[in-house]
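For the record, the sequence lines run as chains R and U.
According to the numbering used here, the first sequence is numbered sequentially starting from 174.
According to the numbering used here, the second sequence is numbered sequentially starting from 8.
Every residue, glycine too, gets a C-beta built ideally from N, C-alpha and C.
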Amino acid sequence: MVTQPAIRVDRIEKSFPPARSGWRAFLQPFEKPSVPALAGLSFEVREGESVALLGANGAGKSTLLRILATLLLPTHGHAYVSGHETVRDSREVRRRLGYHAGTDHGFYARLTGRENLLFFGRLNQLSSAAATQRIATLAEQFHLAEFLDRQVRTLSSGTVQRLSLARALLHQPRVLLLDEPTRSLDAIAAAEFRRFLKSAVLRNGETSLLFASHTLAEVELLATRVAVLHAGRLLACDTISALKRSTGSATLEEVFLRLTGHPPDFSPEDSAQ
Amino acid sequence: MIRLIEELWLFFRRDLIIARTYRTLFVMEIVEAFLGAALFYYVSRFVDSPQLEHALPQGGTYFAFALVGYVFLDYLNAALDTFDRSLEEARDSGTLEHLLVTQTSLPVFIIGSAFYPFLSTTLRIAVYFGWGAAFFGFPVHGANWLAVFAILVVSLLAFSGLGILSSSYLLLFKRGNPAKWILLGVSSIVSGMLFPVSILPDWLQFVARLNPVTYALDAMRAAILSGSGIIAIWRPLVALLLFAAVLLPLSGVVFTWALKRTKATGTLTHR
């Protein structure tokens, strides 16, 4: 029996209209997209797999994740989550995915953690009883129980990140999309967050994960495969060991530098010259 | 349908819980309503004369006339502002993206977020009238409350269309509320808010007749100050319903298009 891939990206292209300021900003919604962000990207994420998107700033990682999360429309091509197309079938897609971005938390600051989770859980079609039960389970898994009844504005960044991941998992999505999940965390909180992700989410093998990260240690810890993006193009997508083999590299950093056209002894000063 | 009602209730409950954390603001609004009612009472004492009372469409004091006008414009303000504000707040707090990846649609979020502001504005109207009746002789005994309720509901429908159009504008251009600017700006002069339309020059009276706020205010004053029933005010009610019948579907189409456009341009969550 052939199983449906958790995520399928089929020749996705995305371009944005040029940024405008002053009175020309009024024209932007009507302008043709001319600034490319993704250029014909195709790959799959299998059920239970964890794939990392690795690329420099502007490589198209967030754009791809936002297309999959139905927050953006592709210019050309199609993306599927559990067989459902993100544009035509966006509601079914959202039913199956959880989305968490490390850059903003998006909670109601004056509601407690529990009230926030209950609100978002109910919007994801959970009954009140099911949402309450699920919040209790996740609070235990993510060590959130003691913070749940405090207003979100009083919580630390690390706790809010865990709360945000709990929100993404409330409705038990088959696919989890994480956009630089540890970006705003300090080293200890980031390590703890990765440990939570590995032990509480990936261990069961039921959730497929696609995440963007600049932290190579995070990629090595969590990813079964790595998709390397550069200027909106997919340069390679394979296991870390296969990538090392095929590029003759000793480390993931070296793999990334070689694939993106930088010599292994590359330093940022070289690039600036 | 039950699911939709549940979703709308969730947004109302959210806003109610948040409002409970601002108790001081709640008390201040009640005091503010008293001060507003007192202001119009003393202005009325200064300007009231038999000639003025004779010139008012429903008779009575200038205080009653002006308080109804002022309070109704407050209601209109809420109808035009609430959709924008909920969208802007969600965008600025970062909750918009997370709402959009739930299985609840953006229109449900926009409409659901309007319930609490509308209820709180309706209560504020009651507080204004309550202060007016308790301390300044505002005539509430003869009012036809069923008709008042009908006018509020129909006005809400009519002006919500403009509010949703305005939030479409906000989605596309990120700042500004042209519907509020035009309608409230024009209405403060040509709707009979603080003075009867009859004192305006002919051409402005013509503009006033094109303005739905004029009809709503006429009907509201008739229901409160003269005790007119729904049958007696059917003309302004029908005018407002026609206004709603055109604007609500139009605003739905424009909003859907604006949402699709911002998802294409990638500016949905831009400020």
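Ranked by Cα distance from A252(U), the options V147(U), E14(U), A165(U), V78(U) are led by A165(U). Put simply, the CB of I25(U) is near chain R, with a gap under 8 angstroms to one of its CB atoms. Around the C-beta of L200(R), fewer than 16 other C-beta atoms lie within 10 Å, and the residue is accordingly described as exposed. For L107(U), the closest alpha carbon among the candidates A242(R), Y253(R), G294(R), L290(R) is that of A242(R). Pairing G275(R) with H251(R), the inter-Cα distance amounts to about 26 angstroms. Boundaries of the alpha helix (DSSP H) harbouring P57(U): 57 to 62, taken from the DSSP string.
When Cβ-Cβ separations below 8 angstroms define contact, E95(U) makes no contact with chain R.
In the displayed model, T285(R) falls within a strand according to three-state DSSP.
The Cβ of E36(U) sits no closer than 8 angstroms to any Cβ of chain R. H278(R) reaches chain U at G101, counting residues in chain order whose Cβ is nearer than 7 angstroms.
Here DSSP, grouped into helix, strand and coil, assigns L214(R) to strand. G192(U) and D81(U) have their C-alpha atoms some 13 angstroms from each other. Short of 6 angstroms from the beta carbon of G236(U), and not among the five residues preceding or following it, lie these beta carbons of its own chain, in chain order: N151, A154. Beta-bridge partners assigned by DSSP to S381(R): V348(R). Nearest CB-CB separation between R21(U) and chain R: below the 8 angstroms threshold. Taking C-alpha positions only, L211(R) is separated from A192(R) by approximately 17 angstroms.
Fully enclosed alpha helix (DSSP H) runs of no fewer than 4 residues occupy 234 to 241 of the segment 227 to 257 of chain R, in order along the chain.
Judged by their CB atoms, A364(R) and Q314(R) are not nearer to each other than the 8 angstroms cut-off.
Y272(R) is bridged by DSSP to L350(R). By the C-beta density criterion, L358(R) is buried, having at least 16 other C-beta atoms within 10 angstroms. With fewer than 16 other Cβ atoms inside 10 Å of its own Cβ, A390(R) counts as exposed. Listed along chain R are R295, L296, each with a C-beta nearer than 9 angstroms to that of E14(U). In chain order, I185, K187, I240 place their CB closer than 6 angstroms to the CB of P247(R), counting only its own chain and leaving out the 5 sequence neighbours on each side. With respect to chain U, the C-beta atom of R376(R) has no partner C-beta closer than 8 angstroms.
One thing to note: T129(U) has its Cβ within 8 angstroms of the Cβ of L159(U). Between the segment 39 to 54 of chain U and the segment 123 to 139 of chain U, the count of Cβ pairs shorter than 8 angstroms is three or higher; the stretches touch. In the three-state DSSP reduction, H105(U) falls in the helix class (H, G or I). V253(U): member of the alpha helix (DSSP H) spanning 241 to 272, first to last residue.
Here G273(U) is near L245(R), since their CB atoms are less than 8 angstroms apart.
In the assembly as shown, Q334(R) is a buried residue. Its beta-carbon has 16 or more other beta-carbons within 10 Å.
Here the C-alpha atom of Y123(U) lies approximately 38 angstroms from the C-alpha atom of L383(R). Under the three-state reduction of DSSP, D183(R) is assigned to strand. Taking 4 residues as the shortest admissible run, the segment 95 to 141 of chain U contains the following complete alpha helix (DSSP H) segments, listed from N- to C-terminal end: 102 to 107. Taking CB atoms only, E288(R) has a neighbour in chain U less than 8 angstroms away. For F315(R), the three-state secondary structure derived from DSSP is coil. Within its own chain, the residues whose Cβ lies closer than 8 angstroms to the Cβ of E393(R), once the five positions on either side in sequence are excluded, are I413, L425, listed in chain order.
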